[in-house]
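Here's the structure we're looking at; comments come further down.
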Amino acid sequence: GAVVSQHPSWVICKSGTSVKIECRSLDFQATTMFWYRQFPKQSLMLMATSNEGSKATYEQGVEKDKFLINHASLTLSTLTVTSAHPEDSSFYICSATVGSGPYYEQYFGPGTRLTVT
Amino acid sequence: EDQVTQSPEALRLQEGESSSLNCSYTVSGLRGLFWYRQDPGKGPEFLFTLYSAGEEKEKERLKATLTKKESFLHITAPKPEDSATYLCAVQASGGSNYKLTFGKGTLLTVNP
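Written as structure tokens, this is what we have:
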């Protein structure tokens, strides 16, 4: 299957600082990537859809000025958590779609654990 | 609004004891139903995509089936290494992207 990587795998930052998380598709081009967050023992909640060369589409209730998404190339999307606070501590996971038309698969990265102190 | 309900929330099996996990869904039109496995602290691992009622897919000890209202993940003779959370997700037709709506998952524990 296709491989999606994330960097860093974990990060600790102080309240008020910004953190950037990278998501890369290693062996395929991804015109669309997705960003999810997952709280302990909860399922994945979609935050935004990242489209190469255009603005991201955010889900209802997600602050676009706080979670900045940039999809600068067909293999890289970044999520920047600005002015992070302890409540932003979570597991952030990206995904990318492989295939087109009616038949496709969606692959996930290994996730990034963010802890804000 | 698309909804996905998985049951049971948790399941304990003895090694070799076959069972099934359920995923009930409500969606305006189904483009695809996905099954993933997630280990603690890791991203979901893709297992299957099912597209139409009656479709079945198999991978090692896992078999996924789909009806118009639900999907089952059958686990045959499970091993301890099959212990994980199994997630079900749906994608609705009519959209221009591939947004997935996830269920809360079933935590499977297989005891040796």
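In order, the protein sequences belong to chains W and G.
With this note's numbering as the guide, the letters of the first sequence map in order to residues 1 to 117.
With this note's numbering as the guide, the letters of the second sequence map in order to residues 1001 to 1112.
Think of the CB as a built atom: it goes at the ideal place given N, C-alpha and C, for glycine as much as any other residue.
Measuring CA to CA, which of the options is closest to residue i?
| i | options | result |
| --- | --- | --- |
| Gln1014(G) | Leu1050(G), Pro1080(G), Ala1092(G) | Pro1080(G) |
| Lys1063(G) | His1074(G), Glu1055(G), Phe1102(G) | His1074(G) |
| Lys1104(G) | Tyr1025(G), Lys1068(G), Gly1054(G), Arg1031(G) | Tyr1025(G) |
| Cys23(W) | Tyr92(W), Lys41(W), Tyr103(W) | Tyr92(W) |
| Met47(W) | Ser73(W), Gln38(W), Gly109(W), Glu59(W) | Glu59(W) |
| Ala1089(G) | Glu105(W), Lys55(W), Glu87(W) | Glu105(W) |
In the DSSP assignment, find the beta strand (DSSP E) that holds residue i and state where it starts and stops.
| i | result |
| --- | --- |
| Ser1024(G) | 1019-1026 |
| Tyr1051(G) | Neither: Tyr1051(G) is in no beta strand (DSSP E) and is coded neither H nor E. |
| Leu1087(G) | 1084-1092 |
| Lys20(W) | 19-25 |
| Gln6(W) | 4-7 |
| Ser50(W) | 45-51 |
| Ala72(W) | 67-73 |
| Val81(W) | 76-81 |
Name, in chain order, the residues that DSSP records as bridge partners for residue i.
| i | result |
| --- | --- |
| Glu1056(G) | Thr1065(G) |
| Gly99(W) | Tyr104(W) |
| Ser1071(G) | Cys1023(G), Leu1066(G) |
| Gln38(W) | Phe91(W) |
| Val116(W) | Cys13(W) |
| Glu1045(G) | Arg1037(G) |
| Leu1108(G) | Leu1011(G), Ala1084(G) |
Could you compute how far the alpha carbon of residue i sits from the alpha carbon of residue j?
| i | j | result |
| --- | --- | --- |
| Phe28(W) | Ser1071(G) | 29 Å |
| Thr115(W) | Val11(W) | 6 Å |
| Phe1046(G) | Gly53(W) | 27 Å |
| Glu1017(G) | Ala1084(G) | 16 Å |
| Lys14(W) | Ser89(W) | 11 Å |
| Tyr107(W) | Thr31(W) | 13 Å |
| Glu1056(G) | Phe1048(G) | 9 Å |
| Leu68(W) | Gly111(W) | 17 Å |
| Pro1044(G) | Lys64(W) | 25 Å |
| His85(W) | Asn51(W) | 27 Å |
| Asn1022(G) | Thr17(W) | 42 Å |
| Val62(W) | Leu1066(G) | 32 Å |
| Leu44(W) | Gln1038(G) | 11 Å |
| Ser83(W) | Lys66(W) | 7 Å |
| Leu1030(G) | Arg113(W) | 32 Å |
| Leu1100(G) | Ala1092(G) | 8 Å |
Contact list for the stretch 1032-1054 of chain G against chain W, Cβ threshold 8 Å: Taking 8 Å as the Cβ-Cβ cut-off against chain W, the residues of the stretch 1032-1054 of chain G that qualify are Gly1032, Phe1034, Tyr1036, Gly1041, Lys1042, Gly1043, Pro1044, Glu1045, Phe1046, Thr1049, Tyr1051.
At a Cβ cut of 7 Å, what residues of the stretch 82-99 of chain W count as close to chain G, listed as they run along the chain? Ile93, Thr97
Taking any Cβ of chain W, which residues in the stretch 1011-1033 of chain G have a Cβ under 8 Å from it, in chain order? Within the stretch 1011-1033 of chain G, the residues whose Cβ lies closer than 8 Å to some Cβ of chain W are Arg1031, Gly1032, listed in chain order.
Contact list for the stretch 44-66 of chain W against chain G, Cβ threshold 9 Å: Leu44, Met45, Leu46, Thr49, Asn51, Thr57, Glu59
Members of the stretch 20-34 of chain W near chain G, C-beta cut-off 9 Å: Those would be Thr32, Phe34, in chain order.
Tell me which residues of the stretch 1098-1110 of chain G have at least one Cβ-Cβ distance to chain W shorter than 9 Å, keeping chain order. Interface annotation for the stretch 1098-1110 of chain G against chain W: Tyr1098, Lys1099, Leu1100, Thr1101, Phe1102, Gly1103, Lys1104, Gly1105, Leu1107, criterion Cβ-Cβ distance under 9 Å.
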